[in-house]
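Peer 1: Following this message is one structure expressed as structure tokens.
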């Protein structure tokens, strides 16, 4: 059956809706569902904030009015005529829901979608390289194994997924770097518009990280800096894809064989895709979580050193 073209949605919430729609409308197209799920995973800002805080990023900017929020517990210095300042706990993240709540209250609800533009710019080339490469490589390996080396066939998803993800990561690493930095750091100057994807990338090139003055690039240290953290990203994404496809493909075939045999219908296939995708996603995410932490720290460490 022919695969439908994969088109990313405008915002992260619509990615989740599209994931449900694709399961309901076309349960046979497991590639499209996986692509949307992968794009949705990269839109999560709370995860990046928690990892950045653990790496030493301080979320305690000097506010223009020095006043504590009404919902905070005052515990800082008392400034004449302005009241007490916020205690350090107001800027410490203690979990996913705490990040969600504090970002919404301190920076606005739309800050949760910070980096969405970069995520969408990342999703289009990533999906365009990743899924076609995976299908081509898997089919080629399976054909080769059928004719020459049958023992290789069970490992076709693992090999194809690893190579395809490597190609996508190397190509899109600069956008991934910009997205991570956009989500990791909060707006510190009152009312100023935070830098977008292109200014963030220009800031990486500048030795002074002069994001607000991108014309000062005489001291640029080389375009190779745009691939900062690519090794950590490959160490995360390649095992993720290898484990995901290695678990998903055989589990899905086995489950379909048990449930329906030759009388498969849309409901059975949708249930099999959802169940095996959930299992594969949980296993691969859990296995590569330490590598995801390493990637985030590697991609934000240059900004931290220059901001000190």
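Residue numbers (the UniProt record's numbering): 1 to 308.
Note that the Cβ used here is the ideal one computed from N, Cα and C, for glycine as well.
Treat the numbers as computed from the prediction; the structure is a model and nothing was measured.
1) Are the CB atoms of residue 296 and residue 279 within a distance shorter than 8 Å?
2) How would you write the range of the alpha helix (DSSP H) that residue 111 sits in, first residue to last?
3) Just to confirm, are residue 239 and residue 291 a CB contact at a threshold of 8 Å?
4) Could you compute how far the alpha carbon of residue 160 sits from the alpha carbon of residue 223?
5) Consult DSSP for residue 148 and reduce its assignment to one of helix, strand or coil.
6) For residue 206, name the three-state secondary structure that DSSP assigns.
7) Starting from residue 252, follow the alpha helix (DSSP H) in both directions and report where the run begins and ends.
8) By Cβ distance below 7 Å, which residues in the same chain neighbour residue 288 in space, the five residues on each side in sequence not counted?
9) From the beta carbon of residue 258, is the nearest beta carbon of chain B less than 8 Å away?
10) Shortest alpha-carbon distance to residue 285 belongs to which of 244, 231, 113, 120?
11) For residue 277, which three-state DSSP category applies?
12) Figure out for me which residue from 162, 255, 112, 167 has the closest Cα to the Cα of residue 276.
13) With distances taken between CB atoms, is the gap from residue 132 to residue 249 smaller than 8 Å?
14) Is the Cβ-Cβ distance between residue 196 and residue 108 less than 8 Å?
15) In angstroms, rounded to a whole number, what distance separates the CA positions of residue 171 and residue 201?
16) Does DSSP classify residue 265 as helix, strand or coil?
17) Taking the straight line between their C-alpha atoms, what separation do you get for residue 101 and residue 259?
18) Return helix, strand or coil for residue 196, following the three-state DSSP convention.
19) Using a 10 Å radius around the Cβ and a threshold of 16 neighbouring Cβ atoms, would you call residue 137 buried or exposed?
20) Leaving aside the five residues before and after residue 162 along the sequence, list all residues of the same chain whose C-beta is less than 7 Å from its C-beta, in chain order.
21) Classify residue 130 as buried or exposed, calling it buried when 16 or more other Cβ atoms lie within 10 Å of its own Cβ.
Peer 2: If we stick to the structure as given:
1) Numbered from 1 along the chain shown, position 279 holds the residue referred to as residue 279. Numbered from 1 along the chain shown, position 296 holds the residue referred to as residue 296. Taking 8 Å as the cut-off, the Cβ atoms of residue 279 and residue 296 do not count as close.
2) If you number the chain shown from 1, residue 111 lands on position 111. Run containing residue 111: none; DSSP gives neither H nor E here.
3) One-based indexing of the chain shown puts residue 239 at position 239. One-based indexing of the chain shown puts residue 291 at position 291. Against a cut-off of 8 Å, the Cβ pair of residue 291 and residue 239 comes out as a contact.
4) Here residue 160 is taken as the residue at index 160 of the chain shown, counted from 1. Here residue 223 is taken as the residue at index 223 of the chain shown, counted from 1. Residue 160 and residue 223: Cα-Cα distance of roughly 29 Å.
5) Numbered from 1 along the chain shown, position 148 holds the residue referred to as residue 148. In this structure, residue 148 counts as coil in the three-state DSSP scheme.
6) The residue given as residue 206 occupies position 206 in the chain shown. Three-state result, residue 206: coil.
7) Here residue 252 is taken as the residue at index 252 of the chain shown, counted from 1. Counting along the chain, the alpha helix (DSSP H) containing residue 252 begins and ends at 230-259.
8) Counted from its first residue, the chain shown places residue 288 at position 288. Excluding sequence neighbours, residue 288 sits near 236, 239, 240.
9) The chain labelled as chain B is not found in the depicted structure, where only one protein chain is given.
10) Locating residue 285 in the chain shown gives position 285, counting from the first residue. Of all alpha-carbon atoms in 244, 231, 113, 120, the one lying nearest the alpha-carbon of residue 285 is that of 244.
11) Within the chain shown, residue 277 is the residue found at index 277, counting from 1. The answer is helix: DSSP assigns residue 277 an H, G or I state.
12) As a first step, residue 276 must be located in the chain shown, where it is residue number 276. It is 255 whose Cα lies nearest to the Cα of residue 276.
13) Translated into positions along the chain shown, residue 132 becomes position 132. Translated into positions along the chain shown, residue 249 becomes position 249. The answer is no: Cβ separation not under 8 Å.
14) Within the chain shown, numbered from 1, the residue matching residue 196 stands at position 196. Within the chain shown, numbered from 1, the residue matching residue 108 stands at position 108. Not in contact: residue 196 and residue 108 (Cβ atoms no closer than 8 Å).
15) To locate residue 171, count along the chain shown from 1; it is residue 171. To locate residue 201, count along the chain shown from 1; it is residue 201. Going from the Cα of residue 171 to the Cα of residue 201 covers about 15 Å.
16) For this step, residue 265 is matched to residue 265 along the chain shown. Coil.
17) On the chain shown, position 101 is the one that residue 101 refers to. On the chain shown, position 259 is the one that residue 259 refers to. Looking at the two C-alpha atoms, the distance is approximately 43 Å.
18) As a working mapping, residue 196 is identified with position 196 in the chain shown. DSSP places residue 196 in coil when its eight states are reduced to three.
19) Walking along the chain shown from the start, residue 137 turns up at place 137. Flag for residue 137 reads buried.
20) Reading the chain shown from its first residue, position 162 is the one you call residue 162. Cβ within range, chain order: 238, 241, 242.
21) To locate residue 130, count along the chain shown from 1; it is residue 130. Under the 10 Å beta carbon count, residue 130 is surrounded by 16 or more other beta carbons and is classified as buried.
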